Structures are given as C-alpha cells and as structure tokens.
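Chemist: The opening residue of the sequence shown carries number 0 in numbering that gives the first Met the number 0; numbering runs sequentially from there. Backbone N, C-alpha and C define an ideal beta-carbon position, used for all residues, glycine too. Every value quoted in this text rests on a predicted model; they were computed, and no experiment measured them. The structure is given below, and queries will be raised subsequently.
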Amino acid sequence: MLYKKHIFICTNQRPPGSRVCCGEEHGLMLVAAFKKLIKNRNLNTEMRAQRTGCMETCELGPSVVVYPEGVFYGNVQISDVEEIVTEHLENNQIVERLVMDFSKLP
C-alpha cells in the first residue's frame, strides 16, 4: 500500500437550486487544510488527502472519509481538521463526535 491513510474530502458542486453540496460548504478549504497540516507534520509520505466527487452524503456534509478504515465523518469544519489528523491519522483513534450517522440521511 502506497499510503497508510488516505483521506477523501468531498468537493462536489451542483448548479444553483439543486440540493446542498459539500463543495459549497467549504469542501475545497478542507482539502487545503488537511494537505497543509499533513505536510507541516511531515506525514505526506504516509498519508494523502485529496478531493473527491459526491459520496451521496450531502445532507450530512461536508463529508470526509478515511481509508483503509472506511470511517465517514460528517459536518466537518476547518476547526476539526487538527483533531482528525492528530487523533485518527496519527493515533488511530476515531473521532466519535464526527462519525456520520447514516440513519439521518433522507
């Protein structure tokens, strides 16, 4: 495996009048924040953050998924990035308060 952890951040955008999208809810800023922190902590040879298209969890977004665990985080804010990197990526502890509750999807 090339990376120990792979972080996908939804940056999907839809035309005006469509359902809410993670890209409109600061998805691109989340990608930049994850990449910057991973690089600043010299983790970029072990971990990669990148944008992705829709994961069909729009109503619970901005959405972030961490592999290989397949943990989905919802309503992720810029202020949550450091906690996810420290707890999940570095210490292998899932950030329970951000874990997506799929039962809340329409």
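Would you call the region 36-53 and the region 81-88 touching, i.e. three or more CB-CB distances under 8 Å?
Modeler: Because the criterion of three Cβ pairs below 8 Å is met, the region 36-53 and the region 81-88 touch.
Chemist: Less than 9 Å between the C-beta atoms of GLU58 and LYS3, yes or no?
Modeler: No, the pair does not count as a contact, with Cβ atoms beyond the cut-off.
Chemist: Which of helix, strand or coil does DSSP assign to VAL30?
Modeler: The answer is helix: DSSP assigns VAL30 an H, G or I state.
Chemist: Run through the region 21-94 for me and flag every whole beta strand (DSSP E) of 3 or more residues, listed as ranges in chain order.
Modeler: You should have 46-51, 63-66 and 70-72.
Chemist: Measuring CB to CB, does GLY60 end up less than 9 Å from GLU95?
Modeler: No; because the gap between Cβ atoms is not below 9 Å, this pair is not in contact.
Chemist: Pick from GLY69, ARG40, ILE6 and THR56: whose alpha carbon is nearest that of VAL19?
Modeler: The residue with the shortest Cα to Cα distance from VAL19 is THR56.
Chemist: Among the candidates PRO15, GLN12, LEU42 and ARG50, whose CA atom is the shortest distance from the CA of ILE6?
Modeler: The candidate whose alpha carbon is nearest that of ILE6 is ARG50.
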